[in-house]
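Chains as they are written, first to last, in our numbering: chain A, 1 to 111; chain B, 1 to 973.
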């Protein structure tokens, strides 16, 4: 399972990076979103992969071994929401830049 | 009053006054003057009040803890010398405030002026009474900053801006050198405390680091006191309003340099290095300043160069290393301040009344303003060193010191002659100041017919001139005891016997004075006609313009060289920058891997679930597909991006993260809507169009990027795999798991972590969210699309054309028709989704859900209504006011945190219990719920605001961007 997830993270990151290096702003937006998936999954996987052990306490007693690590999950949860906000900001800035410069090239002018 | 209160008040009062002054109305000249004058007077009284204690105890001290770990205290100390200087700052400060009340025009925004002036006064007092070199340095830099702001007060003129910048660069450079020098002193002594530094003179002078420390400190002090060759900033600082020139650039700030030299005189003076470095610098400033002053046509320019010359005189006196020299230096600091401030005020009055400061245009003003003329004449005579005035006394002391032998050398032997020459020049420029302005032919060139200024504008000048006279005639009875206190605090046991008297008998200094007076008068007679018509600056040397040299230097350094370095080493293009960044990251990651083998265990195929493998087969395909399609098929890429997001979402659910899966799913929805809304404003792009770029180069570029992407992807995969197969160490996670229920009162540990344990982080995050939403809103208010996007999209135009062609249809019907079924479902779903949002919110503390998820759910409910029925329809029926949601929610979250203060707990401490609700049953009710409510409301507000702001662009009447660069390029072609 670890290999599967690692490969998936790698493919998401690779696709995202390829798009980051493209000249069109839309490609960069999509690329950043793909990178965000990869990074979120990566941080999440720092808590290791366990099935059927959500960090939701079933009883107030008992061992803690049956629960997944909640910390990476809490980190990623806010990261997902903030990620949405920054994607929106980037998109709007790029749209405004397209209006000003007349081009959707990342440098604001065609090369 | 204790010493602590007194010393602290001296520093704090001006800054408090400065803050207050900044709040007044722009034309409140009178109240500003009352405030600033009041502050200066109170400080003056405090000082007068403190004098007996200083005589009795020597030094007043105040200590407060500041950074005990570094051995730094916030210590203040007021001794006789500091007292005299502080008296000068507050006394002349008060007079300058009074003068400025009449000098400033009603059109000048005075709050800024008086606020800066008071802050400057506070900083200057800080330098003077600092008990610690680091604190002294702090206030030193502050005076530089306020001097910059005051020189640039009339920032609409280029002269003010350039002068301010030059002063800041030169004195700022000196400040850095001084900091280094002070650090060296601190290293030698082992403390920055002034008392300790003053007690370790022998250690400092014999240390190897003495010379570097001396050079650095001299760089700092000589730049501040405008000594050769750093003097260039002072004449250019004359662009400041005249009250500023009077206070900062003659009486106080420029004396900070010689003040510090005097402070450190007991520990650093007396060595050959000190004598040579300081002596040469002082002599150069003394002679050149006086010489240049003769040839200035601007009244203030003449005074500026004369200030440089007089500061050179003080520096030279300090360089001698003899106690009597130090006495003369201290005495001359005071004398120079009184007559020079008064002369600046006179220059300001002349400028104010005639509209010009050019001596070639002025003349015969005595008949128009006899009182001002008389005052200026007395002050000028003091500057020239005429008997019966204070300038004469300190000059005599200077002559007496110059003929003494201190260090056998050429420099020492030449001193008497240099002193007489400089003094001759001083007489010449003083005469010129008086004669060319007040006497001679009445000039027809003056912009206005002059008359006497208001009485109160003359009072400060009058007071200072009176001081010159009284000190000049009865020195021992008036200034004597105070000077002695000041000298004793600097020299201690080395205090020499000195007599302040006008008549010391018929001796050599008196003859030198007489020679200088006669020679100066003759020189003026010889130059008088030349000066009437000569261009600015001294003959020959005028081509060596320090200001031009400085500006050339700045341009070469900050523009040409930095631009060249940028061209050579960097780029402004995004793609190469990103490439470098990614390659650097990849290389950095390769280093640890290449140093030792990772020793990764082989994959364990047994736990591989084929279902998840299939999910990721699709997910990876979607990711690669999105990367491939994003250029020409944006919608396809967006759909594929959603596919990859869905695979991520399933993975979260698979590996025990229901909260993440829920949030990811909801965020996927709003992200897709967001990007869909943005698609409309992007240019059309067709695959057929190819660039002129060489296909082989293009292929090379693309394969290089592909290689980078592959390397980064492979690296990420390796890193992720390496971490995942390592055994899990003990983490903070168990802490949260243990305490989530007992202390946070919730079973959903992720939610409890977010709203309780790490609530402060979450508060920060929602603040960011709010800021981003408002930024987007603000950006879109002035949105100008590119011209090709202004009209409706093709599909919409076609539909509307069809609708208009049919007699029984109106525009928009086709759209309404084919969205009919979805729109009815979406409208029906509105209440359902609201209930779902409330449900997710309420159960969040115990089960997957919570403020973030519920907030996005509710936002989706609103957005669906927009999608179903259009912006106009929704906004006719529903007022959402997302900005209010954002503001109130942020307030709620912050207030929840603050409420715990009422119970004596730290910020954001929560209390929890279960509440029995009718029908629903036990509901977790922690105070964290209110915090989560804030999160919820903020997420709703922010998400809705972003999406609606973008959606509104389609219904707004938009203007195209005026001239886009693309258009400009086309027009040029």
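Beta carbons are placed, not taken as given, at the ideal position from N, Cα and C, and that holds for glycine. Keep in mind that this is a model prediction, so the values were computed, not measured.
Other residues of its chain near residue i: CB distance less than 6 Å, five sequence neighbours each side excluded
i: residue 595(B); result: none
i: residue 79(B); result: 59 and 489
i: residue 192(B); result: 132, 133, 134 and 186
i: residue 98(A); result: 104
i: residue 638(B); result: 675
i: residue 854(B); result: 837, 840, 841 and 936
i: residue 384(B); result: 426, 427 and 430
Neighbouring residues, chain B, relative to residue i (Cβ below 8 Å)
i: residue 97(A); result: Per Cβ cutoff of 8 Å: no residues; residue 97(A) is ~10 Å from chain B at best.
Counted within 10 angstroms of its Cβ, other Cβ atoms place residue i as buried (16 or more) or exposed
i: residue 69(B); result: exposed
i: residue 140(B); result: buried
i: residue 151(B); result: buried
i: residue 874(B); result: buried
i: residue 832(B); result: exposed
i: residue 456(B); result: exposed
i: residue 104(B); result: buried
i: residue 37(B); result: buried
i: residue 333(B); result: buried
i: residue 955(B); result: exposed
i: residue 109(A); result: exposed
i: residue 335(B); result: buried
Within chain A, partners of residue i - CB distance below 9 Å
i: residue 871(B); result: Simply none; closest approach about 18 Å.
i: residue 784(B); result: 96, 99 and 100
Within chain A, the residues that residue i reaches when beta carbons sit closer than 8 Å
i: residue 641(B); result: 30, 33 and 34
i: residue 1001(B); result: No information on residue 1001(B) is available, as it lies outside the stretch 1 to 973 that chain B covers here.
i: residue 607(B); result: 1
Close-in-space but distant-in-sequence residues of the same chain around residue i (CB under 8 Å, 5 per side omitted)
i: residue 364(B); result: 438, 439, 440, 441, 442 and 443
i: residue 184(B); result: 209, 212, 213 and 216
i: residue 267(B); result: 197, 198, 200, 201, 204 and 205
i: residue 968(B); result: Unreliable positioning characterises residue 968(B) in this predicted model, as indicated by a pLDDT of 49, which lies under 50. The coordinate reading is nonetheless provided below. Taken in chain order, the list of residues that qualify is empty.
i: residue 648(B); result: 619 and 664
i: residue 388(B); result: 469, 472, 473 and 502
i: residue 964(B); result: Residue placement at residue 964(B) cannot be trusted, given a pLDDT of 48 that sits under 50; the coordinates are not used to answer.
Contact set between residue i and chain B, taken where Cβ atoms lie within less than 7 Å
i: residue 19(A); result: 627 and 630
i: residue 91(A); result: 674, 675 and 678
Contact set between residue i and chain B, taken where Cβ atoms lie within less than 9 Å
i: residue 64(A); result: 733, 734, 737 and 738
Cβ shell of residue i (< 7 Å), same chain only, five flanking positions each side left out
i: residue 73(B); result: 63, 64, 65, 66 and 132
i: residue 179(B); result: 137
i: residue 750(B); result: 659
i: residue 577(B); result: 571
i: residue 274(B); result: 214, 268, 319 and 321
i: residue 462(B); result: 375
Chain A contact residues for residue i, given Cβ-Cβ distances below 7 Å
i: residue 620(B); result: 8 and 11
Contact with chain E by residue i, beta-carbon distance below 8 Å
i: residue 741(B); result: Here the protein chains are A and B, and chain E is not one of them.
Q: Only counting runs of 4 or more residues, tell me where the alpha helix (DSSP H) segments fall wholly within the region 178-215 of chain B, in order along the chain.
A: 194-199 and 201-206
Q: Note down, one range per segment and in chain order, each alpha helix (DSSP H) of at least 4 residues found wholly within the region 246-291 of chain B.
A: 255-268
Q) Are there three or more Cβ pairs, one per stretch, closer than 8 Å when the region 298-316 of chain B is compared with the region 420-427 of chain B? A) yes
Q: Report the residue ranges of all alpha helix (DSSP H) runs contained in full by the region 128-185 of chain B; include only those spanning at least 4 residues, in chain order.
A: 133-151
Q: Can you check the region 45-103 of chain A for any alpha helix (DSSP H) of at least 4 residues that lies completely inside it and give the ranges in chain order?
A: 70-101
Q) Touch check for the region 845-852 of chain B and the region 805-816 of chain B: three-plus C-beta pairs under 8 Å? A) no
(Q) Threshold first: 4 residues or longer. Then list the alpha helix (DSSP H) segments lying entirely within the region 655-698 of chain B, N to C. (A) 658-679
Q. Hey, is the region 337-346 of chain B in contact with the region 399-413 of chain B, meaning 3+ C-beta pairs nearer than 8 Å?
A. no
Q) Do three or more CB pairs link the region 729-738 of chain B to the region 598-614 of chain B at distances below 8 Å? A) no
**Q.** Contiguous alpha helix (DSSP H) assignments of at least 4 residues, all confined to the region 467-541 of chain B
**A.** 475-478, 480-491 and 508-533
Q: Would you check if the region 943-951 of chain B and the region 900-909 of chain B touch, i.e. whether three or more CB-CB distances between them fall below 8 Å?
A: no
Q: Please determine if the region 228-236 of chain B and the region 294-308 of chain B are in contact, where contact requires at least 3 C-beta pairs separated by less than 8 Å.
A: yes
Q. Okay, do the region 111-131 of chain B and the region 17-27 of chain B touch, 3+ Cβ pairs below 8 Å being the bar?
A. yes
Q. Can we say the region 884-896 of chain B touches the region 937-947 of chain B, given the rule of at least three CB pairs closer than 8 Å?
A. yes
Q. Which runs of the beta strand (DSSP E), 3 residues or longer, sit entirely within the region 890-929 of chain B?
A. 912-917 and 921-926
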